[in-house]
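To start, the structure itself, in structure tokens.
Numbering (UniProt numbering), first residue to last: 1 to 198.
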């Protein structure tokens, strides 16, 4: 006696459904694994460079020479431009390279600090531990950067009000876009920084 057509259909339908369910589950697992791997790669590519949490001993000051930043700063569209600008600025001071320093500042800053004055001011200065905390864009072609850094110098070359060998600075650098390039500008925010002894 042959099985009825409905029974025959049920007999082959069940394995087909089982195969489809297993295939769908396997595909879902593979997709989840690929998504997770991609998310990890994206996260590692965009991870911020965070400042060191540990205190640097006075003998190791001024600390690392590379410009670092908080997550807030790295998320700003101007971050990479600002990082490169500041890196060049501080490298020029550390290398006593006035010509290179001039490429990072506006003409107003150059007029305020001609080469002789600049060399006298930064004669013994070494800067490090630069951390960008915030970048704010203002009117068109203007921005402000909140940063901290450490300078180490002969106390004779330190500010008159704080003749120390090691100083922690909290500053706001005003930036201006000049002919398509961002430069550190002169201004009241950069002229009166907060600073204290390391």
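Idealized CB from N, CA, C, for every residue including glycine.
The model shown is predicted, which means the values in this text are computed figures rather than measured ones.
Checklist line | Given 8 Å, three or more beta-carbon pairs between the stretch 120-131 and the stretch 82-94 | finding: yes
Next item on the list: Would you mind working out which of 129, 116, 161 sits nearest residue 194, comparing C-alpha positions?
Entry: Against the chain shown, residue 194 aligns to sequence position 194. Residue 194 has its Cα closest to that of 161, out of 129, 116, 161.
Margin query: Please tell me whether residue 130 and residue 67 are closer than 8 Å, where the distance is taken between their beta carbons.
Written below: As a working note, residue 130 is residue 130 in the chain shown. As a working note, residue 67 is residue 67 in the chain shown. Yes, the Cβ-Cβ distance between residue 130 and residue 67 is below 8 Å.
Next item on the list: Would you list, in sequence order, the uninterrupted beta strand (DSSP E) runs of no fewer than 3 residues that lie entirely inside the stretch 97-163?
Entry: 126-137, 142-152
Notebook entry, point to check: How about residue 182 and residue 81: are their beta carbons less than 8 Å apart?
Noted result: Numbered from its first residue, the chain shown carries residue 182 at position 182. Numbered from its first residue, the chain shown carries residue 81 at position 81. Yes; because the gap between Cβ atoms is below 8 Å, this pair is in contact.
Notebook entry, point to check: For the candidate residues 103, 150, 56, 65, whose alpha-carbon lies nearest to that of residue 180?
Noted result: Your numbering for residue 180 matches position 180 in the chain shown. The shortest C-alpha separation from residue 180 is found at 103.
Next item on the list: State the start and end residues of the unbroken alpha helix (DSSP H) segment that holds residue 176.
Entry: For the purposes of this step, residue 176 is taken as residue 176 along the chain shown, with counting starting at 1. Looking at the DSSP string, residue 176 is not in any alpha helix (DSSP H); the run it does join, the beta strand (DSSP E), is 166-178.
Next item on the list: Round the Cβ separation of residue 155 and residue 164 to the nearest angstrom and send it over; I've been treating them as touching at under 8 Å.
Entry: Stepping through the chain shown from its first residue, residue 155 is reached at position 155. Stepping through the chain shown from its first residue, residue 164 is reached at position 164. Confirmed, about 6 Å.
Next item on the list: Spatial neighbours of residue 134 within its chain, please: CB distance less than 7 Å, with the 5 preceding and 5 following residues excluded, ordered by chain position.
Entry: Residue mapping note: residue 134 aligns to position 134 of the chain shown, counting from 1. Cβ within range, chain order: 72, 73, 146.
Item checked: As assigned by DSSP and simplified to three states, the class of residue 71 -> On the chain shown, residue 71 is found 71 positions in, with the first residue counted as 1. Helix.
Notebook entry, point to check: What first and last residue would you give for the alpha helix (DSSP H) that runs through residue 91?
Noted result: Residue 91 sits at position 91 when you count from the first residue of the chain shown. DSSP places residue 91 inside the alpha helix (DSSP H), whose first and last residues are 79-94.
Check: Which word fits residue 184, buried or exposed, when buried means at least 16 other C-beta atoms lie within 10 angstroms of its C-beta?
Finding: Locating residue 184 in the chain shown gives position 184, where the first residue counts as 1. Residue 184 is buried by the Cβ-count criterion.
Next item on the list: Consult DSSP for residue 56 and reduce its assignment to one of helix, strand or coil.
Entry: Start at 1 with the first residue of the chain shown, and residue 56 comes out as number 56. Here residue 56 sits in coil by DSSP.
Next item on the list: Compute the Euclidean distance between the alpha carbons of residue 60 and residue 157, then round it to the nearest angstrom.
Entry: Locating residue 60 in the chain shown gives position 60, counting from the first residue. Locating residue 157 in the chain shown gives position 157, counting from the first residue. Approximately 19 Å between the Cα atoms of the pair.
Check: If we call anything under 8 Å between Cβ atoms a contact, is residue 141 one with residue 176?
Finding: For the purposes of this step, residue 141 is taken as residue 141 along the chain shown, with counting starting at 1. For the purposes of this step, residue 176 is taken as residue 176 along the chain shown, with counting starting at 1. In contact: residue 141 and residue 176 (Cβ atoms closer than 8 Å).
Check: From this set, 97, 108, 65, 77, which residue's C-alpha is nearest residue 186's C-alpha?
Finding: Taking the chain shown and counting its residues from 1, one reaches residue 186 at position 186. Selected option, being the one with the closest Cα: 108.
Check: Alpha carbon to alpha carbon, how far is residue 79 from residue 120?
Finding: Position 79 of the chain shown, counted from the start, is the residue given in the question as residue 79. Position 120 of the chain shown, counted from the start, is the residue given in the question as residue 120. Those two C-alpha atoms are separated by around 31 Å.
Checklist line | Cα-Cα separation between residue 199 and residue 159, rounded to whole angstroms | finding: A query on residue 199 cannot be resolved here, the shown segment of the chain reaching from 1 to 198 and no further.
Checklist line | Assigned exposure category for residue 167 - 16 Cβ within 10 Å defines buried | finding: Position 167 of the chain shown, counted from the start, is the residue given in the question as residue 167. Residue 167 is buried by the Cβ-count criterion.
Next item on the list: Give the straight-line distance between the Cα atoms of residue 111 and residue 57, rounded to the nearest whole angstrom.
Entry: Your numbering for residue 111 matches position 111 in the chain shown. Your numbering for residue 57 matches position 57 in the chain shown. If I take the Cα positions, the gap works out to 37 Å.
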